[in-house]
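Be aware that the sequence shown starts at 417, since it is given in my numbering, and climbs by one per residue. Beta carbons: idealized from backbone N, C-alpha and C, even for Gly. Okay, so here's the structure we're looking at.
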Amino acid sequence: MSTPETQSIDLTKLSIEQLSELVKQLNSEIDYLATSSAQLSQALTKFTECISCVKNVVKDENNGKEILVPLTASLYVPGRFKLKDNKVLVDIGTGYFVEKTAEEAAVYYEGKCEYLRKSIGGLEGAIDAKNAQVRAVQQITQEKFMKERKTAAK
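Dropping the structure here:
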């Protein structure tokens, strides 16, 4: 299978209009990456809350007690369920749940958090690289604009 090769473009050979379009495209890519990073950050926050909940709520002293079921982030209702043997159901995605102990659930969510932190870091690196590209294109655009002004002034 062949791998796609990146093409180098000599920015000095592009027109000001083409450079302007390139800046728009790069800014669009930056926006997309920033949105993705924000979504991953929200997921990270939720997994962090799960870790806190599992560590703080699922304890021996709460065995047999009725639990509150979250309907929204700020609304809980009494459930008909009772905590038993410090076991919880963990959502592993696509509607599948696995029964785990509180410790196993915390380890699972910590792994998810670590994966998200690495992904967010990768996105932040890509955003920084795109911003550097935008600055380079803007600098060349400025130089071309100044050169055209000098030529027109003669």
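* Three-way DSSP call (helix, strand, coil) for L430 in this model -> As a position in the sequence shown, residue 430 is number 14, starting the count at 1. Coil at L430, not helix or strand.
* Environment of V470 [buried if 16+ CB atoms lie within 10 Å] -> On the sequence shown, residue 470 is found 54 positions in, with the first residue counted as 1. With 16 or more Cβ atoms within 10 Å of its Cβ, V470 is classed as buried.
* Roughly how many angstroms separate the alpha carbons of N502 and G527, rounded to a whole number? -> Stepping through the sequence shown from its first residue, residue 502 is reached at position 86. Stepping through the sequence shown from its first residue, residue 527 is reached at position 111. Their backbone Cα atoms lie some 20 Å apart in a straight line.
* To do: Tell whether a beta-carbon distance below 8 Å holds between S457 and I536.
  => The residue you call residue 457 lines up with position 41 of the sequence shown. The residue you call residue 536 lines up with position 120 of the sequence shown. Yes; because the gap between Cβ atoms is below 8 Å, this pair is in contact.
* **T419 classed as buried or exposed, judged by whether at least 16 other C-beta atoms fall within 10 angstroms** => Within the sequence shown, the letter at position 3 stands for residue 419. Confidence is the limiting factor: at T419 the pLDDT is only 49, short of 50, which leaves the residue's position unreliable and the question unanswerable from this model.
* **Contiguous beta strand (DSSP E) assignments of at least 3 residues, all confined to the stretch 443 to 489** => Runs of the beta strand (DSSP E) inside the stretch 443 to 489: 482 to 486.
* To do: Note down, in chain order, each residue of its chain lying with its Cβ closer than 6 Å to the Cβ of S453, except the 5 sequence neighbours on either side.
  => If you number the sequence shown from 1, residue 453 lands on position 37. These residues qualify, in order along the chain: I536 and L539.
* To do: Can you give me the Cβ contacts of D507 inside the same chain, cut-off strictly under 6 Å, excluding the 5 residues immediately before and after it?
  => As a first step, residue 507 must be located in the sequence shown, where it is residue number 91. Apart from the 5 residues on each side of it in sequence, D507 sits with its Cβ closer than 6 Å to the Cβ of F513 in its chain, given in chain order.
* To do: Return the chain-ordered list of same chain residues with a C-beta closer than 6 Å to the C-beta of N472, the five sequence neighbours on each side being excluded.
  => Along the sequence shown, read from residue 1 onward, the residue named residue 472 stands at position 56. For N472, where only same-chain residues beyond five positions count, there are no Cβ hits under 6 Å.
* Boundaries (first-last residue) of the alpha helix (DSSP H) holding T510 -> Counting from 1 along the sequence shown, the entry for residue 510 is found at position 94. It is not in any alpha helix (DSSP H) - T510 carries neither H nor E in the DSSP assignment.
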